Amino acid sequence: MNASALVNRSLVRWCWQELRQGQLWLVVMAFVLIIASVFALSAIAQRMDQVIVKQGKDALMADTVFVSANPVPESLIKKAQALGATTSLMTRFSTMLFGGEGMKLVFVKAVDDAFPLRGTLQLSDGHTTRHHVAPDEVWLDPQLLSDLGIKIGDRVSLGDMEHVVSGTITEEPGFSFNPFRQMSTVFIHQSQVPETGALQVGSRVEYQLFINAPDDVLKQLKQQVKLTPSEEWRDVGQRSRTQDIFNKSEQYLSLVVIIIVLMATMTLLLTCQHYVASRRQTVAMLKSLGASKRWVWHWLMVQVSMLIGIALLLGLPLGYGLERLLRLPLIGLLLTPLPELGMTPFVMALLSCLLVAIPGLGIPLYRLIDIEAVASLQNHTQTKHKHIYLWGLWLFPCVGTALYWGNQFMVWLVLGGIVFSSALLAGIGLLLFRGVQALPLNAAFKLALKRVNRTPLATGIQLGALSLSLMLFAALWLVRTDLLSDWSSVFPENAPDVFALNIATHEKDNYLHQLQQMDIAHSPIFPIIRGRLSQINGSDAIEYAGGREASNVLRREVNFTWAEQLPTYNQVVAGHWQPSNGVSIEESVARELGVKVGDQLTFMINSQSVTAQVNSIRQVEWREMKPNFYFIFTPDRLSPLSATWMVSFRLGADASHQLSQLAHAYPTVSLLDLREMTQKIQGLLSQIINAISILAVVGVIAGLLLIYTLLRLSLMQRQEEMKLYRTLGMSRRRLMWTVLAEFGLIAVVAGSVSGFGADAMVAAIIQYAFELTPRVHLLLWVIQPVFAVVMVMLVVGRLIYQLTHSRRSLISALNVE
Numbered sequence: 001m002n003a004s005a006l007v008n009r010s011l012v013r014w015c016w017q018e019l020r021q022g023q024l025w026l027v028v029m030a031f032v033l034i035i036a037s038v039f040a041l042s043a044i045a046q047r048m049d050q051v052i053v054k055q056g057k058d059a060l061m062a063d064t065v066f067v068s069a070n071p072v073p074e075s076l077i078k079k080a081q082a083l084g085a086t087t088s089l090m091t092r093f094s095t096m097l098f099g100g101e102g103m104k105l106v107f108v109k110a111v112d113d114a115f116p117l118r119g120t121l122q123l124s125d126g127h128t129t130r131h132h133v134a135p136d137e138v139w140l141d142p143q144l145l146s147d148l149g150i151k152i153g154d155r156v157s158l159g160d161m162e163h164v165v166s167g168t169i170t171e172e173p174g175f176s177f178n179p180f181r182q183m184s185t186v187f188i189h190q191s192q193v194p195e196t197g198a199l200q201v202g203s204r205v206e207y208q209l210f211i212n213a214p215d216d217v218l219k220q221l222k223q224q225v226k227l228t229p230s231e232e233w234r235d236v237g238q239r240s241r242t243q244d245i246f247n248k249s250e251q252y253l254s255l256v257v258i259i260i261v262l263m264a265t266m267t268l269l270l271t272c273q274h275y276v277a278s279r280r281q282t283v284a285m286l287k288s289l290g291a292s293k294r295w296v297w298h299w300l301m302v303q304v305s306m307l308i309g310i311a312l313l314l315g316l317p318l319g320y321g322l323e324r325l326l327r328l329p330l331i332g333l334l335l336t337p338l339p340e341l342g343m344t345p346f347v348m349a350l351l352s353c354l355l356v357a358i359p360g361l362g363i364p365l366y367r368l369i370d371i372e373a374v375a376s377l378q379n380h381t382q383t384k385h386k387h388i389y390l391w392g393l394w395l396f397p398c399v400g401t402a403l404y405w406g407n408q409f410m411v412w413l414v415l416g417g418i419v420f421s422s423a424l425l426a427g428i429g430l431l432l433f434r435g436v437q438a439l440p441l442n443a444a445f446k447l448a449l450k451r452v453n454r455t456p457l458a459t460g461i462q463l464g465a466l467s468l469s470l471m472l473f474a475a476l477w478l479v480r481t482d483l484l485s486d487w488s489s490v491f492p493e494n495a496p497d498v499f500a501l502n503i504a505t506h507e508k509d510n511y512l513h514q515l516q517q518m519d520i521a522h523s524p525i526f527p528i529i530r531g532r533l534s535q536i537n538g539s540d541a542i543e544y545a546g547g548r549e550a551s552n553v554l555r556r557e558v559n560f561t562w563a564e565q566l567p568t569y570n571q572v573v574a575g576h577w578q579p580s581n582g583v584s585i586e587e588s589v590a591r592e593l594g595v596k597v598g599d600q601l602t603f604m605i606n607s608q609s610v611t612a613q614v615n616s617i618r619q620v621e622w623r624e625m626k627p628n629f630y631f632i633f634t635p636d637r638l639s640p641l642s643a644t645w646m647v648s649f650r651l652g653a654d655a656s657h658q659l660s661q662l663a664h665a666y667p668t669v670s671l672l673d674l675r676e677m678t679q680k681i682q683g684l685l686s687q688i689i690n691a692i693s694i695l696a697v698v699g700v701i702a703g704l705l706l707i708y709t710l711l712r713l714s715l716m717q718r719q720e721e722m723k724l725y726r727t728l729g730m731s732r733r734r735l736m737w738t739v740l741a742e743f744g745l746i747a748v749v750a751g752s753v754s755g756f757g758a759d760a761m762v763a764a765i766i767q768y769a770f771e772l773t774p775r776v777h778l779l780l781w782v783i784q785p786v787f788a789v790v791m792v793m794l795v796v797g798r799l800i801y802q803l804t805h806s807r808r809s810l811i812s813a814l815n816v817e
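Quick note: the sequence shown uses UniProt numbering, first residue 1, plus one each step.
Put into structure tokens, the structure is as follows:
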């Protein structure tokens, strides 16, 4: 027992000494990066999911919402309450608000005592803050006080109802980003709706039932409800721009971790292969002195346990700290207080470490165990068996990757790109080396080229590994740059920030003249009329487009317009615009509905049927915040119908006085100020950008570690040749320049081909994983070779100096001058 403990202690000291001497520290660092990055990703992804769910439910103001153009059936409310759900009703309609010396078209939201089920409603009477609307109260948007020249306590008229202003709305839940659905808001109690007299036959009104309940209860409730064409369920899962941003952020974080794990795994494999090669003689000697295979196995297991143990001790705290660092930019978005992370991040980090360790350490170490004792007398020897079945150990990480990231196309795109790129980049590099050989070069470069062309397989592997490392390194930053470029265009600098809605036909010319007098640049003015698509090629539109799964455009009224010409900022992708008897449809809606050029569409507008033929399909960039529409008609189709008009313009940050001036001059025109929304989304983007940049820095560290490992091991493999050159009389200076020339050429070639490879790989990721338009990064093709040469010269120059000047070096021991 004591002897066994003594042996174990001796093995631990031996392993610790090898780690301190630099034999295994790269393996530890690779494991630390894997553990820390996977832990941080699992934790922050969990946080981001909480943000997405919270943001979505706060925007809905409930877990789900039943929306109808007709009053919510009492039977549905009773069913929901019988299942244990919490409910709240809202009736939303538009009407005129009269107060002071003016009037204003407003959105009235009539709610009950329970509203809101989610999110925050803050109402202020100037002294106290309230969070619910009580009966016999009227709360106004603060802008209305300024526009109408009234104050809290003044009397206003809302339809037929006259009431004292109770206070202002300081924070409203469910902030909507739809400019056509946003007007100044008035909150009243549900019981006051009949007093307004605003709801008549044909009135445009929306009834909403907010429901909070567990997912299984909601699923059961939805199964019991048969929806009519004017009804729908709104859920958190429905796609929105902000949710797209969160999802792309998570995708990028996953991409960073995938690349970090790949680069760390490559570092691990290279280091282990070199370690095994350097310990072949040691194991053979131990076996020749009587060490059994079991004892060697025990020795190596002690080493592996120490490596993983040290990596866990360093990686888990680093991962926790990294997660906290990633959390800092997201303060204000995350839930407060934060729920416990649980064991998921720890388990994911440990599993990732083990899945990489099984083949990464298992294959080379098992081969080391199988070394024969006779190898102590030979420089090279074969193991007893090739053990091809050992490569089956790679099934462990492959199966693990499939289970964890199996449904993410981006993962397989990256892995497939790596396999293809490695061979392609190596082949291109070798061809470039042969082409360079024909150029007039000095002696150092000629000797270096002979060296790399003499061993094409080894050179190809080295070149492919270095090119791949540089390519992955560049891909991280290119994807990040393209994402940030896409997000920064959510609100372009010159985008309109104010929409003027409900301009009467007799006022539109005067309104445009007023804008010109105030020196305000504006968009073209568009007529607006609301309606619904009812038939496609003579068939019911909902059935034609897929029944219950049909596009949401069919389940509600949408805004139509007509024009002599299509907007210049809309690109026609199919068909062509004609001046009569036609309609142009937005590309994504055409795709969802299965509509093509030449189809006949029938619309219901103000109880009238209007038919038009699709003459073109347009691509619309909704993020530009310019006036855009799903359907644009030729004038002969809609101009006979009555409509209001809409125009957009940009005022900038300090333009409240101009808004007030327009509001007082035209009190019936609704001014939608989008500046607050712009600030909110830009703040959100800034927070997310900071978070993903932090993890990208970890990717940079992994890339630098891999490149350093590649160069260090490649140079160490040259030691025997360097000894020979020195023995034959080559000066230290000539030797250094020859090696620098060799690695310089490899760096230039690897940098050049990796620049092209990174651009191609990023284009595929951007287009197919992030659904964005790829760009060509010509500057990268110049920067990448320069970066590669600088990296190689810094690392190789230092290592060459150590090898040629260190007293412990065998080169120096030869003492040949």
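Heads up, the beta-carbon is just placed ideally off N, CA and C, and yes, glycines get one too.
Please read these numbers as outputs of a predicted model, since none were measured by experiment.
- Ranked by how close their Cα comes to the Cα of residue 228, the residues 417, 556, 744, 560 have 556 in first place.
- Boundaries of the alpha helix (DSSP H) harbouring residue 296: 293-327, taken from the DSSP string.
- Buried is the label assigned to residue 276, since at least 16 other Cβ atoms lie within 10 Å of its Cβ.
- Per DSSP, the continuous alpha helix (DSSP H) segment holding residue 193 begins and ends at 193-196.
- Residue state for residue 138 is assigned as strand, using DSSP reduced to three classes.
- Within the same chain, and ignoring the five residues on either side of residue 207 in sequence, the residues whose Cβ sits closer than 6 Å to its Cβ are 68, 71, 72, 91.
- Here residue 731 carries a coil assignment [DSSP, helix/strand/coil].
- Residue 233 carries a strand assignment under DSSP once its states are collapsed to helix, strand and coil.
- Residue 61 and residue 185 have their C-alpha atoms spaced approximately 16 Å apart.
- In this structure, the CA atom of residue 307 is about 6 Å from the CA atom of residue 28.
- Cβ-Cβ distances below 7 Å link residue 314 to 32 in the same chain, with the five nearest sequence neighbours on each side left out; the list follows chain order.
- Taking residue 773 as the centre and dropping the five residues before and after it, the same chain places the C-beta of 766, 767 closer than 8 Å to its C-beta, in chain order.
- In chain order, 496, 626, 627, 647, 648, 649 place their CB closer than 8 Å to the CB of residue 523, counting only its own chain and leaving out the 5 sequence neighbours on each side.
- In this structure, DSSP gives residue 122 an extended state, which the three-state scheme calls strand.
- Three or more Cβ pairs closer than 8 Å define a contact, and the segment 498-515 falls short of that threshold against the segment 779-795.
- Distance check between residue 163 and each of 503, 152, 170 places 152 closest, using alpha-carbon atoms only.
- For the set 419, 348, 746, 605, the Cα lying nearest the Cα of residue 463 is the one of 746.
- Per DSSP, residue 768 lies in no beta strand (DSSP E) segment and is marked neither H nor E.
- Counted as a single uninterrupted DSSP element, the beta strand (DSSP E) harbouring residue 535 occupies residues 526-536.
- Taking 9 Å as the cut-off, the beta carbon of residue 157 is found no closer than this to the beta carbon of residue 107.
- Assignment of residue 446 by DSSP, reduced to helix, strand and coil, places it in the helix class.
- Note on geometry: alpha-carbon atoms of residue 357 and residue 295 lie some 21 Å from one another.
- Here DSSP, grouped into helix, strand and coil, assigns residue 132 to coil.
- Residue environment for residue 568: exposed (fewer than 16 other C-beta atoms within 10 angstroms of its C-beta).
- When secondary structure is reduced to three states using DSSP, residue 497 falls in the coil class, being assigned neither helix nor strand.
- Closest in alpha carbon position to residue 634, among 613, 66, 270, 123, is 613.
- Residues 283, 293, 296, 297, 300 of the same chain have their beta carbon placed closer than 8 Å to that of residue 369, with the five preceding and five following residues left out of the count.
- Rounded to whole angstroms, the separation of the alpha carbons of residue 478 and residue 562 is 42 Å.
- Straight across, the Cα-Cα distance linking residue 432 with residue 252 is about 34 Å.
- Looking at the DSSP output, residue 603 shares a beta bridge with 533, 610.
- With a threshold of 16 other beta carbon atoms within 10 Å, residue 573 falls short and is exposed.
- Note: residue 469 is not bridge-paired with any residue in the DSSP secondary-structure output.
- Taking the Cα positions, residue 594 is about 32 Å away from residue 760.
- For residue 25, the closest C-alpha among the options 139, 425, 311 is that of 311.
- A distance below 8 Å between beta-carbons, with the five flanking residues on each side excluded, links residue 514 to the following residues of its chain, in chain order: 662, 665, 666.
- Looking from the CA of residue 141, the closest CA among 105, 128, 134 belongs to 105.
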